[in-house]
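>
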Amino acid sequence: MKYQPGSVLLVSLVLLLILTVAGITSIRMTSLEEKMTGNFRNEQLAFHSAEVGVLEAESYVENTVFSLSNFDSGCSNGLCFSGSNSIDVGTCENGTAKPWEDESVWTTSTKHRTTVINLAGISAQAKYIVEFRCYLPKESDGPIPDPASFTDWAQFYRITVLATGGSTDARVMLQTTYKKND
317 MKYQPGSVLL VSLVLLLILT VAGITSIRMT SLEEKMTGNF RNEQLAFHSA
367 EVGVLEAESY VENTVFSLSN FDSGCSNGLC FSGSNSIDVG TCENGTAKPW
417 EDESVWTTST KHRTTVINLA GISAQAKYIV EFRCYLPKES DGPIPDPASF
467 TDWAQFYRIT VLATGGSTDA RVMLQTTYKK ND
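Numbering (our numbering), first residue to last: 317 to 498.
(1) Can you tell me whether L490 is helix, strand or coil according to DSSP?
(2) In terms of alpha-carbon separation, which member of L435, H428, N379 and E350 lies closest to N393?
(3) Does V337 come out as helix, strand or coil in the three-state DSSP assignment?
(4) Using the DSSP secondary-structure output, state which residues sit across from W422 in a beta bridge.
(5) For a quick check, are the C-beta atoms of R487 and V446 less than 9 Å apart?
(6) If I'm right that C391 touches N401 with Cβ under 8 Å, what's the distance once you round it to whole angstroms?
(7) Leaving out the 5 sequence neighbours to the left and right, which residues in its chain are closer than 8 Å to T493 when beta-carbon positions are compared?
(8) When you compare only the Cα positions, how much space is there between V337 and Q491?
(9) Pick from N379, D485 and F387: whose alpha carbon is nearest that of T426?
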């Protein structure tokens with residue numbers, strides 16, 4: 317048998333290197349998992365804030381008597397309308413504008429409304445806009461009512477909410493439609 321000096325040292329160093337690489341990889345995976353968990357929590361907070369914002373906006377629409385002249389293409393006070401003839405049921409037409417895509421709607425305080433419900437852990441209150449989308453028949457089944465009979469028609473709205481989670485990097489936008497039978 318040949319004597320091989322230093323072979324034990326060499327094998328020990330290789331094993332130490334393998335254990336070091338495995339330990340560093342484990343630490344990196346743990347760090348990544350913590351970041352993923354934090355991001356998931358922020359996303360869930362943002363989604364919860366957006367859902368609460370939708371409920372508040374629907375309540376606002378239901379409990380407010382609107383003057384349709386308050387709705388405009390500039391989204392004054394969060395009330396938007398880009399179509400034409402909002403007062404006349406028969407000739408009311410929706411516009412093609414998508415105000416929720418305009419960043420200034422969300423950054424200019426006079427172009428959106430802000431929720432008043434406080435949620436723990438969110439970085440900012442949810443913001444929302446209400447778009448007037450013309451009219452729908454009050455009764456969904458049956459014949460289409462006469463356009464001259466305003467009482468047979470319901471106002472139709474689209475509500476868009478933008479919410480953040482625990483940081484401003486987690487953002488959720490939700491939309492819903494709302495039919496208001498006065």
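No residue lacks a Cβ here, since even glycine has one placed at the ideal position from N, Cα and C. All figures in this text were calculated on a predicted structure; none of them were measured in a lab.
Walking through what the data contain:
(1) strand
(2) H428
(3) helix
(4) The partner list for W422 (beta bridge, DSSP) is empty, contrary to what the question assumes.
(5) no
(6) C391 to N401, Cβ: 19 Å. No contact.
(7) R449, F472, Y473, R474 and I475
(8) 48 Å
(9) F387
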